[in-house]
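So the protein lines, in turn, are chains A and B. For what it's worth, numbering that gives the first Met the number 0 labels the leading residue of the first sequence as 0, then goes sequentially. For what it's worth, numbering that gives the first Met the number 0 labels the leading residue of the second sequence as 0, then goes sequentially. By construction, the Cβ of each residue, glycine as well, lies at the ideal position given by its N, Cα and C atoms. What you are looking at is a predicted structure, and each value in this text was computed from that prediction instead of being measured. Here's the structure, in structure tokens; my notes come after.
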Amino acid sequence: MHIPDGYLGPGTCGLFYLAMLPIWTAASRIVKKTLNARQVPLLAIGAAFSFVIMMFNVPIPGGTTGHAVGGVIVAILLGPWAACIAITVALVIQALLFGDGGITAIGANCFNMAFVLPFTGYYIYKAISCGAPIDSKRRVVAAGVAGYVALNIAAGVAGFVFGIQPLLHKTSGGQALYCPYGLNVALPVMLGEHLLVFGWVEAIVTALVIKYLQKHAPELLAEGRKI
Amino acid sequence: MKIISKLWIFIGVLIALSPLGLLLPEHFKAGSAWGEWGADEMQELVGYIPKGLERLSSIWSAPIPDYAFKGWEEKPMLSLSIAYILSAVVGILICVGVVFIFGRFLSKKE
């Protein structure tokens, strides 16, 4: 889901940077108000977890690869705004240092993976687990569903952004200038592979971490500790 | 042991296992992620390299491209796995450093 340089036109890239500016500003402001100094190590672990989990490329045999983002679990533990910051840090370092995701597409990639994903995941988890005891099975299921749905919505947005490029940018001869695949290909492929394979990885990762924390650190799951 | 220490160990284990993200796709003959092809692959897929893509794709030259050292493209999988682990270590150290610096400014004192 790391859109590289050259797949999105300048307008799309600029628009997503513009969209992310107020989100990053709000995230900083809200986290500043609510993050305790003793939660900073957990935020660092969140960024590290997201960074390394994205390196686990899962193959579709003979086809493409994809990966989890690990952002939903960070959102559940620290809240969506803090998760936005943690994932943004991971994505920016991946783009600048490792060329994973384009620098022109940092806005778009952060919009999908550091905004859409943690926010949808967080609210789905909250809606399903609402009122459930900390050690309940419902919280594990809620985490799994949140991971699955959130990764797929983010993938769908990425597919949509890929897919509108040929509509926006074409040479007079009809060749695409940036991403050559339209909505009829980009959207079903991005959604399909995440619905079938990669969404499950995010679901399992999120659910397993919740299950582990229920046993070993239930205080991290208590309401009211969230940002 | 405090949960934070346990979670750091967990991150360490994930770093050590990270080459799976390189070896499994290789083993199952899976190519690039969809929409993350290089210009050559694009030529094969659609028969031409989109002009804008060609221009923008080389706008940034990452120091450790694709979690491998420059010039190591033909090295055996073992070397690539080591580079992958080192990349994870470097990337995570920077992530953690940046978050701690941010954290100093962004967190409230108790």
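Query	Result
May I ask you to list, following chain order, the residues of the segment 168–188 of chain A that have a beta carbon less than 9 Å from some beta carbon of chain B?	HIS168, THR170, GLN174, ALA175, LEU176, TYR177, CYS178, PRO179, TYR180, ALA185, VAL188
Just to confirm before moving on: does the CB-CB distance between PRO60 (chain A) and ALA82 (chain A) stay below 8 Å?	no
How long is the line joining the alpha carbons of ASP39 (chain B) and ARG54 (chain B), rounded to whole angstroms?	14 Å
Taking contact to mean 3 or more Cβ pairs, one atom from each stretch, closer than 8 Å, check whether the segment 191–199 of chain A and the segment 117–128 of chain A are in contact.	no
Does the beta carbon of GLN213 (chain A) come closer than 8 Å to any beta carbon on chain B?	no
What residues are listed by DSSP as bridge partners for LYS169 (chain A)?	A:ALA175
Run through the DSSP bridge pairs and tell me what VAL57 (chain A) is partnered with.	A:GLY65
Within a Cβ cutoff of 8 Å, which residues of the same chain sit near ALA221 (chain A), ignoring the five residues on either side of it in sequence?	ILE133
Considering just the uninterrupted stretch of the alpha helix (DSSP H) at ASN108 (chain A), what are its terminal residues?	105–109
Run down chain A in chain order and give the residues with a C-beta less than 7 Å from the C-beta of GLY70 (chain B).	Result: empty, since nearest Cβ-Cβ is about 15 Å, beyond 7 Å.
Could you list the residues in the segment 19–41 of chain B with a C-beta less than 9 Å from some C-beta on chain A, going in chain order?	LEU19, GLY20, LEU21, LEU23, PRO24, GLU25, HIS26, PHE27, LYS28, ALA29, GLY30, SER31, ALA32, TRP33, GLY34, GLU35, TRP36, GLY37, ALA38, MET41
If I follow the unbroken alpha helix (DSSP H) through ASN183 (chain A), where does it start and stop?	182–192
Please list the residues of the segment 0–30 of chain A that have a C-beta atom closer than 7 Å to any C-beta atom in chain B, keeping them in chain order.	HIS1, ILE2, PRO3, ASP4, GLY5, TYR6, GLY8, SER27, VAL30
With a Cβ-Cβ cutoff of 8 Å, do ARG138 (chain A) and GLN213 (chain A) count as a contact?	yes
Which of the three DSSP states is assigned to VAL95 (chain B) in this structure?	helix
Which same chain residues end up closer than 6 Å to PRO18 (chain B) when comparing Cβ atoms and leaving out the 5 residues on each side of it in sequence?	SER80, TYR83
Starting from the beta carbon of ILE102 (chain A), find every residue of chain B whose beta carbon is closer than 8 Å, and list them in chain order.	ILE58, TRP59
Does the segment 162–170 of chain A come close enough to the segment 7–19 of chain A that 3 or more CB-CB pairs lie under 8 Å?	yes
Hey, is SER17 (chain B)'s beta-carbon within less than 8 Å of any beta-carbon in chain A?	yes
List, in order along the chain, the chain A residues whose C-beta lies closer than 8 Å to that of ALA87 (chain B)?	PHE50, VAL51, MET54
Taking the alpha helix (DSSP H) that MET49 (chain B) falls in, what are its first and last residues?	Going by the sequence as given, residue 49 (chain B) is Pro instead of Met. Where PRO49 (chain B) is concerned, there is no enclosing alpha helix (DSSP H), given that its DSSP letter is neither H nor E.
To the nearest angstrom, report how far apart LEU21 (chain B) and GLN93 (chain A) are at their CA atoms.	16 Å
What is the residue span of the alpha helix (DSSP H) that GLY70 (chain A) lies within?	70–77
With 16 other CB atoms within 10 Å as the buried threshold, where does ILE8 (chain B) fall?	exposed
How many angstroms separate the CA atom of ILE44 (chain A) from the CA atom of GLY173 (chain A)?	47 Å
Can you tell which of B:GLY102, B:LEU44, B:ASP65, B:LEU85 has its C-alpha closest to the C-alpha of TYR180 (chain A)?	B:LEU44
Does the beta carbon of LEU77 (chain B) sit closer than 8 Å to a beta carbon anywhere in chain A?	no
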